[in-house]
Ligand code: SF4
Ligand code: SF4
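Numbering (our numbering), first residue to last: 67 to 405.
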């Protein structure tokens, strides 16, 4: 069995913030939990991963049959930059902090380098993920990377929930870490402060109400969601912003500048550009991942403009009420009527 410290030292050499190890045993509890939530209709039809066999999704041996260990990693994205919400006449839409840069791809590249060393040193076979179709949060929890917050996001003791996750599934046998015994205690701040009441009970999110999940859902946002949408363009992190477990996290320099988008984006531009221009301008960021629906992003921009109510944008919104896409047209009608 390989000493876990050796693997962690390699991770550190490649600038990875934290690495823990768990076994490749299936995540049976997670499979039961996810299936129950899916069957209760809590996921969106735009999220295709849950249509897979959930038992397979929660078993890394479906991707590497001889897997023995999972190397779980995280990278912190909390920086000391301020958010920029635009200026009158040029309203901007907020981009959730985890999307300011492509930390997923950055972590995957770093993990790929770790996998290269493991291959050279131990002839290890490795499959590398970050933001991939693998049970990332259960892996992070069992390995001790962090614990589930009641908002269903993993919280690391040093970096809070400001982390992206990544994994290497491998056929080498590495000494496993233990899960952490820390939890949220009596706190319910994220449940109380979620503007859409999407956290329906501790650890259970109704993704049909969650603005983070709805970012890429194609459809007209229900009135009660649109009203509290604010000036979001991509994602929501309010439950993380209010979380006491995040208050102590030290802000630092960005780990990468890959796919830099920044904290906010001009909204009128999003509504006047073609999809190929959008994909070019924000290339390498998850905002242009292949599963992102450009029309959903434009819908978000419209709802944001309806909440910002900058008079200069009203003619554009009125024009969009005639758009051939009914989601765009109906969203623009809501936005224009909101002035
Ligand atoms: S991401 Fe936003 S909408 Fe979703 S649970 Fe958190 S606060 Fe609520
Ligand atoms: S706000 Fe409180 S309950 Fe929610 S995740 Fe943070 S510590 Fe847990």
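Glycine is no exception: its CB is placed at the ideal position from the N, C-alpha and C atoms.
Just so it is clear, the structure is predicted and the values come from calculations on it, not from any experiment.
Assignment of alpha helix (DSSP H) within the stretch 256 to 306, counting only whole runs of 4 or more residues, yields 277 to 280, 289 to 292 in chain order.
For residue 159, the uninterrupted beta strand (DSSP E) segment begins and ends at 156 to 161.
A distance criterion of 7 Å places the beta-carbon of residue 152 beyond contact range of ligand 2, judged by its closest non-hydrogen atom. 206 is the residue among 272, 229, 206 whose C-alpha sits nearest the C-alpha of residue 244.
By the Cβ-count criterion, residue 295 is buried, with 16 or more other Cβ atoms from all chains shown falling within 10 Å of its own Cβ. Restricting attention to alpha helix (DSSP H) runs no shorter than 4 residues, the stretch 81 to 166 encloses them at 94 to 105, 120 to 123, ordered along the chain. The stretch 178 to 186 and the stretch 95 to 113 do not touch, with fewer than three beta-carbon pairs separated by less than 8 Å. Residue environment for residue 84: buried (at least 16 other C-beta atoms within 10 angstroms of its C-beta).
In summary, residue 71 is exposed, with fewer than 16 beta-carbon neighbours lying within 10 Å of its beta-carbon over all protein chains present. Proximity of the stretch 136 to 143 to the stretch 302 to 313 falls short of the contact definition, fewer than three beta-carbon pairs being nearer than 8 Å.
Check the Cα spacing between residue 403 and each of 390, 165, 386: the tightest is with 386. Its Cα nearest to that of residue 227, the residue 249 stands out among 323, 249, 122. Assignment of beta-bridge partners to residue 195 by DSSP yields 233. No heavy atom of ligand 2 is found nearer than 7 Å to the CB of residue 155. Annotation for residue 361: 284, 391, 393, 394 place their beta carbon closer than 8 Å to its own, counting only its chain and skipping 5 residues before and after. Per DSSP, the continuous alpha helix (DSSP H) segment holding residue 209 begins and ends at 202 to 209. Counting along the chain, residue 362 sits inside the alpha helix (DSSP H) bounded by residues 360 to 374. The residues 332, in chain order, have a CB closer than 7 Å to that of residue 156 in the same chain once the five nearest residues on each side in sequence are set aside. Within the same chain, 191, 237 come within 8 Å of residue 132 by CB-CB distance, once the 5 residues on both sides are set aside.
Using a 10 angstroms sphere on the CB of residue 254, the tally of other CB atoms stays under 16, which defines it as exposed. Relative to the Cα of residue 315, the nearest Cα in the group 278, 225, 381, 252 belongs to 225. A direct Cα-to-Cα measurement between residue 82 and residue 234 gives close to 13 Å. Here residue 166 is buried, its C-beta having at least 16 other C-beta atoms within 10 Å. From the listed residues 302, 396, 274, 91, the smallest Cα separation to residue 163 is found for 302. With contacts defined by Cβ atoms closer than 8 Å, residue 354 and residue 345 form a contacting pair. Under the three-state reduction of DSSP output, residue 348 falls in the coil class, being neither helix nor strand.
Distance from the C-beta of residue 264 to the nearest heavy atom of ligand 2 is not below 7 Å. Under DSSP, residue 226 forms a beta bridge with 222. By the criterion of a C-beta distance shorter than 6 Å, residue 77 is surrounded in its chain by 85, 180, once the five residues flanking it on both sides are discounted. Rounded to whole angstroms, the gap between the alpha carbons of residue 340 and residue 273 is 29 Å. Counting along the chain, no beta strand (DSSP E) covers residue 315, and no H or E run does either. Between residue 352 and residue 170 a beta carbon distance of about 6 Å is seen, short of the 8 Å cut, so the two are scored as contacting.
Note that the C-beta distance between residue 137 and residue 87 is below 8 Å. In the DSSP assignment, residue 330 falls within the beta strand (DSSP E) that extends over 330 to 332. Pairing residue 304 with residue 67, the inter-Cα distance amounts to about 42 Å. Annotation: residue 282 to residue 208 spans about 29 Å, alpha carbon to alpha carbon.
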